[in-house]
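Residue numbers (the numbering used here), protein chains in the order written: chain A, 2 to 237; chain B, 1261 to 1373; chain C, 111 to 722. This report concerns only the one structure given below.
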Amino acid sequence: MSEQKIADYDLKPGFKGMATDTGSDQTMFKGVHWGKAMMWIFLLSDTFVFSCFLISYMKGRASTPIEWPYPSEVFALEVFGVSVPLLLIAIMTFVLITSSGTMALAVKYGYEKNRKMCGWLVLATAIGGLTFVGMQAFEWSKLIHEGVRPWENPFGAAQFGSFFFMITGFHGTHVSIGVIFLFIYAYKVFAGHYDTGKRGWFTSMKGDYVEIEILGLYWHFVDLVWVFIFAFFYLW
Amino acid sequence: MEEIKKKEEQTSTHKIGIYLWIWGLLFVLSFFSYMVDWYNFQGLLRWSLILFFMFLKAGLIMAFFMHLFWERYALVNVLLWPMTAIACFVALMVAEGKYTLFTRLFYFFVGGQ
Amino acid sequence: MSDEIDNKQSILAQSSETMNEYSGSKAADVDYVRPAEVPDQDLYHGHSFITKWVFCQDAKVIGVQYFLTAVFTGIVGLILSWLMRLQLGFPGLAGFMTAEHYYQFVTMHGMIMVVYFLTALFLGGFGNYLIPLMVGARDMVFPYVNMISYWMFFVAVAVLMASFFVPGGPTGSGWTLYPPQAILEGTPGSGMGILLMLISLSLFVIGFTMGGLNYLITVLQARTRGMTLMRLPLTVWGIFTATVLAMLAFPALLVSSIMMTLDKVLGTSFFMPTILKAGEVLEYGGGSPILFQHLFWFFGHPEVYIVALPAFGIVSDLISVHARKNIFGYRMMVWAIVGIGALSFFVWAHHMYVSGMNPWFGFFFATTTLIIAVPTAMKVYNWIITLWRGNIRINTVMLWCLGFIVTFVNGGITGIFLGNVSVDVPLSDTYFVVAHFHMVMGIAPLMVIMGAVYHWFPLVAGRILDEGLGKWHFWITFLGAYSIYFPMHYLGFIGVPRRYFEMYDSPYMTSAIGMNEFISLAAFIVGAAQFILIYNIIKTLKTGKPAGKNPWKANSLEWHTSTVPPEHGNFGDRLPVVHRWPYDFSVPGAKEDFIPQTTPPSEVAHTEVEKT
Ligand code: HEM
Ligand SMILES: [Cu+2]
């Protein structure tokens, strides 16, 4: 993670360190595992994917002369006869942030080679993710029930439905993929693959707890995207 | 010798406290951004609050949960500079969106009469 | 540098004669290089035919697979261009050709050439083969993912080719796929054709992302000892930067493909405005076609540089090796590549001057576009100064390089015309544009590919391609390509529109007709000349002259592997250690006119090598 030692190399802090790291041989990101660097660059690319989605949404919404539905009302939920705005979304946000926290702790315990804690926390994260997907399915079915479709929308501009289903769908796909991997990794942690360095099923690479950190990066990214979707789609 | 070892252990994984703190902060910030909607702020105030909380949350997740705060600047810079391209794209599409709206209103409604 | 030397005294210098140079008793070790940070890579070695040659994880085999697949699609693109030229030069001669066919051929030709041929060839082909060898790695960092990347590309090509055979045929919307027409009835292939195109593009992007991550991390994190970024061959810099562009630009293509697929399949209206068709209002409404254009060109312009930057990098190396001179202004070249790459994200709407976008954008984008000309021109100057008073070998490789410079300058200058709004408006959608982009991103990179094939074939196959055939190939292609594209500028000036099936009774018909015939004849000849290369390759594989090790006397690591062609793992038991840049040619005082990157300083202490 941070501040490890590298033989015969002076790890300078700050911008000075950036200059020497960039100018040095072998690696530019000192001490960063290949897989982790790869995940970071992938997330950078994925950031551009989501940015393009959100930019399209912004452009679409900004240029429509037809009225845009008021998200606060569309996404309200009736509880005991009272309509609470954005209730479901608030709970979903809560669940996702919770799972992000458990993931962060799983990474920490992974580094401490605490197999039990790490495994349980990864499992908890997976369950949090599953809950999120389930609630999203509920939200979708509620909207569909109310007549919102990708191609039309009784509350105003048709693009509302299109962008909503597309963007939350794409995010939900990311969550689902993450959940699948979380379950697999939880199994691998409990089975001790990362302690013994057992080789992967497909890649035949040796297992290591760094994989938990890599998966953690992905999971936090999914949470990060949700922060933006929450702000731009539900609050705007 | 003992001391060095101890120090290494401390730096290689972070204290649990920091994660719990950030976790708590994220809940609080989410709650605040929810309140923006609850109290139905409108206009510039709504916008600036939404964006403020959004960037704060995103920053916390990236800095601490994704460990960017502890990473070396070489990595951090590589990840953050490309955002200028996004920023440019966003800015131009804001202008483009407004212009499209203008042409639509102009040709469909004003021009149509 | 010097204090680094002072600190380390572990190993003695290898050559005692050079030691006299250094006064003082302390045996400062000039050859010291830091130990390896990362343990040696753990490779999966295939043992069956399938794991060795089909689902192979060796980047070199994957590179050849990419190369062959890309060449296959390229030949399809070439045949389509023949058919188009047949129609344009001799209307009616190809009896089956309708206007619909023509649109479909233009579209498929454009998309194939840009994405499935050039991009795949440069990044997938040359990138896979050369990056690990040139940075001194045993393989790409994630060979398994790399293998999947190729097979995704393969499936993408298969889907693309399948679109020729579906009802309605392939899409005919132009390679830009602009909505609303791309998915509306009336455009050929607006059913399955466009759908398969969008699916194929999405698969391509996903597959490419897997490969691209590998290229980037291999360059950044898996270089050998002593290999700093500023000692990388420019080939690696070009491919690396192009990959960065691809990773950041392809998302826009992916997103626009997904959105258009939804418009087509689900009937959303992301890009579809209200449309009146035969007096009837369609279901669509409220979308923004111009949004698609922005997304497409946010991808499309970097895409141009994804093709150009590897060509820039490769040609720099070829020129340096075959002129026996170090590349002039190496650092400037690197910064120019990186600068062009960065700027290319801020110029996209110069393709949209006539689209009806916000009129202020023209000013912004013309400015940024013209700024890119500065680093680009710097590169051209540097190539020429590298040649200046070099010990030039006029062999096939060098001829292709010279051909590239001429063609690229030509295409670049017309690019400056088109970058200005007021000049572009009358010229856009004419043959002037067709001439421009074929010169700059069609023919010029193609010349580099040819040069690279002649240059690296001895490494891949162990035999040198026939020079005589190579020169025929070059001269026919070079003169022929000029015969095709030079007159097209004139056609553009008299207003011949692009993407037209026929001129009908237009006023410029008479002056364009002879020229079109001439261009078509040249196109047939140039296309046919490419088969000289294929013949040459087959002949050489059978009876060619063995190349031996390092036939061009080059410095970079790929020529200094344990075996030729390199085996899996590239470098035998020990990875090379790098002490210098790859451009130490004709160094005054050196025994030979080249000093490989692995030569330690102590061996060349009497020479005037550059400090790198
Ligand atoms: C022998 C070589 C080639 C010939 C004879 C040729 C010929 C043509 C012709 C006749 C057109 C259609 C022009 C029109 O009707 O508007 C065209 C379009 C195009 N070509 Fe080529 N071409 C060749 C090589 C290439 C290469 C190597 C590239 C790679 C960049 C390329 C990229 C394109 C593109 C992007 C279009 C535009 C397609 C569109 O308008 O949608 N061509 N080419
Ligand atoms: Cu461009």
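Quick reminder that beta carbons are idealized off the backbone N, C-alpha and C, glycines included.
Beta-carbon contacts of residue i that lie in its chain and below 6 Å, excluding the five residues immediately before and after
| i | result |
| --- | --- |
| B/I1278 | none |
| C/M244 | P343, V346, S666, L667, E668 |
| C/V216 | R609 |
| C/T717 | V697, G699, A700 |
| C/W691 | R341, T722 |
| B/F1324 | I1282 |
| C/L643 | H583 |
| C/T128 | Here the model assigns C/T128 a pLDDT of 38, short of 50, so the residue's position is not dependable and the matter cannot be decided. |
Nonlocal neighbours in the same chain, by C-beta distance under 7 Å from residue i, ignoring five residues either side
| i | result |
| --- | --- |
| C/S135 | Low confidence applies here, because C/S135 scores a pLDDT of 40, under 50, leaving its location unreliable; read the following figure in that light. Excluding sequence neighbours, C/S135 sits near nothing in its chain. |
| B/W1328 | The sequence given here has Leu at residue 1328 of chain B, not Trp. Taken in chain order, the residues that qualify are M1322, V1336. |
| B/V1354 | none |
| C/A266 | S310, L313, F314, G317 |
| C/M369 | F380, F381 |
| C/I172 | C166, N238, N256, M257, Y260 |
| C/V714 | A700, I705 |
| C/A418 | M551, P555 |
| C/G282 | E210, Y213, Q214, T217, T297, P298, G299 |
| C/S465 | I400, Q403 |
Whether residue i touches residue j by CB criterion (7 Å)
| i | j | result |
| --- | --- | --- |
| C/G451 | C/C511 | no |
| A/V223 | A/V176 | yes |
| A/K189 | A/G198 | no |
| C/G449 | C/P399 | no |
| A/E140 | A/L89 | yes |
| A/V75 | A/F164 | no |
| B/F1292 | B/F1312 | no |
| A/Y210 | A/G61 | no |
| C/L651 | C/F584 | no |
| A/I98 | B/L1286 | yes |
| A/Y219 | A/G193 | no |
| C/G423 | C/G348 | yes |
Assumed close pair residue i, residue j - CB separation to whole angstroms, cut-off 8 Å
| i | j | result |
| --- | --- | --- |
| C/A169 | C/P253 | 7 Å |
| A/E212 | A/G102 | Contact flag wrong, Cβ pair sits at about 20 Å. |
| C/T540 | C/G602 | 4 Å |
| C/N646 | C/G605 | C/N646 to C/G605, Cβ: 41 Å. No contact. |
| C/A571 | C/P675 | 7 Å |
| C/L188 | C/G637 | 5 Å |
Closest Cα partner of residue i within the set the options
| i | options | result |
| --- | --- | --- |
| C/P201 | C/S465, C/A359, C/E612, C/L631 | C/E612 |
| A/A63 | C/F380, C/L243, C/T353 | C/F380 |
| C/F630 | C/N238, C/A622, C/I594, C/S454 | First, the residue type needs correcting, since residue 630 of chain C is Ser and not Phe in the sequence shown. Per the Cα distances, C/I594. |
| C/L294 | C/F274, C/G449, C/P383 | C/P383 |
| C/F456 | C/T338, C/L355, C/T229 | C/L355 |
| C/F236 | C/G654, C/G156, C/H565 | C/H565 |
| A/C119 | A/Y10, A/E79, A/F191 | A/F191 |
| C/M226 | C/V186, C/E147, C/A204 | Looking at the sequence provided, one finds Tyr at residue 226 of chain C rather than Met. Cα-wise, what sits closest to C/Y226 is C/V186. |
| B/V1350 | A/I215, A/Y58, A/R200 | A/Y58 |
| A/V226 | A/V85, A/T99, A/T48 | A/T48 |
| C/W285 | C/W662, C/Q403, C/V464, C/R441 | C/Q403 |
| A/G195 | A/N154, A/V108, A/I92, A/T28 | Residue 195 of chain A is actually Tyr in this sequence, not Gly. For the residues A/N154, A/V108, A/I92, A/T28, the minimum Cα distance to A/Y195 belongs to A/V108. |
| C/I553 | C/N626, C/T334, C/V516 | C/V516 |
| C/L685 | C/R248, C/Y176, C/V148 | C/R248 |
Cβ neighbours of residue i in the same chain (closer than 8 Å, five flanking residues each side left out)
| i | result |
| --- | --- |
| C/K655 | R573, I574 |
| A/A158 | R62, T65, I67, E68, W69, P70 |
Residue i CB to nearest heavy atom of ligand 4 below 6 Å
| i | result |
| --- | --- |
| C/H404 | Ligand 4 is not among the ligands present in this structure, which contains only ligand 1 and ligand 2. |
(request) Give, in chain order, every residue of the stretch 330-350 of chain C whose Cβ lies closer than 9 Å to some Cβ of chain A. (result) Against chain A - using a Cβ distance shorter than 9 Å - the residues of the stretch 330-350 of chain C are L330, Q331, A332, R333, T334, R335, G336, M337, T338, L339, M340, R341.
(request) Select from the stretch 1337-1350 of chain B all residues with a C-beta closer than 7 Å to any C-beta belonging to chain C, and list them in chain order. (result) P1342, A1345, C1348, F1349
(message) So if I threshold CB-CB distances at 9 Å, which residues from the stretch 638-656 of chain C count as touching chain A?
(response) none
(request) Can you give me, in chain order, the residues of the stretch 400-429 of chain C that have a beta carbon less than 7 Å from any beta carbon in chain A? (result) L401, L405
(message) Under 7 Å, CB to CB, which of the residues in the stretch 346-378 of chain C have a partner in chain A?
(response) M357, L358, P361, A362, L364, V365, M369, L372, L376, G377, T378
(request) Name, going along the chain, the residues of the stretch 11-28 of chain A whose beta-carbon falls closer than 9 Å to a beta-carbon of chain C. (result) Flagged, chain order: T23, G24, S25, D26, Q27, T28.
(message) Give me the subset of the stretch 452-464 of chain C whose CB atoms are less than 7 Å from a CB atom of chain B, sorted by chain position.
(response) F455, F456
(request) Name, going along the chain, the residues of the stretch 136-164 of chain A whose beta-carbon falls closer than 7 Å to a beta-carbon of chain C. (result) P151, W152, A158, A159, Q160, S163
(request) Taking only beta carbons into account, state which residues of the stretch 1356-1373 of chain B come closer than 7 Å to chain C, listed in chain order. (result) Those would be E1356, Y1359, T1360, in chain order.
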